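Novice: Handing you this structure, nothing more for now.
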């Protein structure tokens, strides 16, 4: 069942009577589209955040822009990379963006079921409000004292999702169907239904982690890497431990830090170098 939201005018909220979120490191920061640590897969493509997916959906006819956005490690950077191309957003973006956001949140939920559903249910029956200094469409802006004013469309979608979880209208085994809007494409291909079949969050993040180590080429702490990917340090630590066991990165001790796996560099150095012959 798909819940359709009516788009309200601005609503006044009392902060003390709501669950609010602004910074991703806060208790309910995972509700934000800017929160890292919630990777997902669409059309077999590994995407690090719902924000990257949402922004990519602006540009169905610009697959290179979609690639640029999805390649970013942080949700905020993904958003910033979309800005120079905003004038080339799909012509009906203002009409469909609410539907696109709902779909992105549903994909985020089923691919991070335990973590995201638990966070949503922890909000109880309180209104969920994005506390935003700039955006009173997706969130609500602070007014005098503890008052927030805005349309809070993101908060409304999260509350709908919370209710769908309670009613078991969405479960960890649900299939999220593509939107029935024209030109719903990713990299030039129609977006297919999304499920959790053969899905593992770690393996979504792993290619980006490997690429990161190729670029930095030095020992680095889990905390530093977590900051780059905008995910909790504990989560990154688990990912790095797993990557180390797989031989993808090298773990060092006292203090704990990681680097690219030296065996890979050794193998590369053993490959004979061919000389170029001029014709």
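Numbering (our numbering), first residue to last: 194 to 472.
The C-beta atom is built at its ideal place from N, Cα and C for all residues, glycine as well.
Quick caveat: nothing in here was measured; it's all calculated off a predicted structure.
Within the segment 248–299, note down every full alpha helix (DSSP H) run reaching 4 residues or more, in order along the chain.
Specialist: Segments of the alpha helix (DSSP H) lying fully in the segment 248–299: 256–263 and 268–275.
Novice: Indicate whether residue 430 and residue 283 have their beta-carbon atoms separated by less than 8 Å.
Specialist: One-based indexing of the chain shown puts residue 430 at position 237. One-based indexing of the chain shown puts residue 283 at position 90. Their beta carbons are not under 8 Å apart, which means residue 430 does not touch residue 283 by this criterion.
Novice: Use the C-beta contact count for residue 473: other C-beta atoms within 10 angstroms, 16 or more gives buried, fewer gives exposed.
Specialist: Because the chain in this structure spans residues 194 to 472, residue 473 falls outside the shown range and cannot be described.
Novice: Pull the bridge partners of residue 476 from the DSSP assignment, please.
Specialist: The chain is shown from 194 up to 472; residue 476 falls before or after that span and cannot be answered.
Novice: What does DSSP give as the partner residue(s) for residue 315 in the beta ladder?
Specialist: Working through the chain shown from its first residue, we reach residue 315 at position 122. BP columns for residue 315 are empty, so no partner.
Novice: Would you report the Cα separation of residue 473 and residue 250, rounded to the nearest angstrom?
Specialist: As shown, the chain starts at 194 and ends at 472. That puts residue 473 outside it, with no answer to give.
Novice: Looking at C-alpha atoms only, which residue of 446, 404 and 423 is the closest neighbour of residue 453?
Specialist: Against the chain shown, residue 453 aligns to sequence position 260. Ranking the options by Cα distance to residue 453, first place goes to 404.
Novice: Nearest-angstrom Cα distance between residue 366 and residue 337?
Specialist: If you number the chain shown from 1, residue 366 lands on position 173. If you number the chain shown from 1, residue 337 lands on position 144. Looking at the two C-alpha atoms, the distance is approximately 44 Å.
Novice: Is it right to say residue 295 is buried, meaning 16 or more other beta carbons lie within 10 angstroms of its own, or is it exposed?
Specialist: By one-based count along the chain shown, residue 295 stands at place 102. Buried, because 16 or more other Cβ atoms sit within 10 Å of the Cβ of residue 295.
Novice: Would you report the Cα separation of residue 471 and residue 428, rounded to the nearest angstrom?
Specialist: Numbered from its first residue, the chain shown carries residue 471 at position 278. Numbered from its first residue, the chain shown carries residue 428 at position 235. Note on residue 471: pLDDT 39, under 50, position unreliable in the model; the coordinate value appears next. Each residue's Cα considered, the two are about 52 Å apart.
Novice: In angstroms, rounded to a whole number, what distance separates the CA positions of residue 196 and residue 382?
Specialist: Taking the first residue of the chain shown as 1, we reach residue 196 at position 3. Taking the first residue of the chain shown as 1, we reach residue 382 at position 189. In this predicted model, residue 196 has a pLDDT of only 39, less than 50, meaning its place in the structure is not dependable; the value taken from the coordinates is given anyway. If I take the Cα positions, the gap works out to 26 Å.
Novice: Tell me, to the nearest whole angstrom, how far the beta carbon of residue 314 is from that of residue 360; I am working on the premise that it is less than 8 Å.
Specialist: For the purposes of this step, residue 314 is taken as residue 121 along the chain shown, with counting starting at 1. For the purposes of this step, residue 360 is taken as residue 167 along the chain shown, with counting starting at 1. Contact doesn't hold; Cβ gap of about 12 Å is too wide.
Novice: Using a threshold of 8 Å, state whether the C-beta atoms of residue 241 and residue 398 are closer than that.
Specialist: Position 48 of the chain shown holds residue 241. Position 205 of the chain shown holds residue 398. Their beta carbons are under 8 Å apart, which means residue 241 touches residue 398 by this criterion.
Novice: State buried or exposed for residue 408, treating a residue as buried only when at least 16 other CB atoms are found within 10 Å of its CB.
Specialist: For the purposes of this step, residue 408 is taken as residue 215 along the chain shown, with counting starting at 1. Classification for residue 408: exposed.
Novice: According to DSSP, is residue 400 part of a helix, a strand, or is it coil?
Specialist: As a first step, residue 400 is located in the chain shown; it is residue number 207 there, counting from the start. Of the three classes helix, strand and coil, the one that applies to residue 400 here is helix, per DSSP.
Novice: Quick check: the Cα distance between residue 456 and residue 420, rounded to an integer number of angstroms?
Specialist: In the chain shown, counting from the first residue as 1, residue 456 sits at position 263. In the chain shown, counting from the first residue as 1, residue 420 sits at position 227. At residue 456 the pLDDT is 47, less than 50, meaning the model places this residue with poor confidence; the figure from the coordinates comes in the next sentence. The alpha-carbon atoms of residue 456 and residue 420 are separated by roughly 27 Å.
Novice: Would you kindly report the start and end of the unbroken alpha helix (DSSP H) that includes residue 420?
Specialist: Working through the chain shown from its first residue, we reach residue 420 at position 227. Residue 420 -> alpha helix (DSSP H) spans 415–422.
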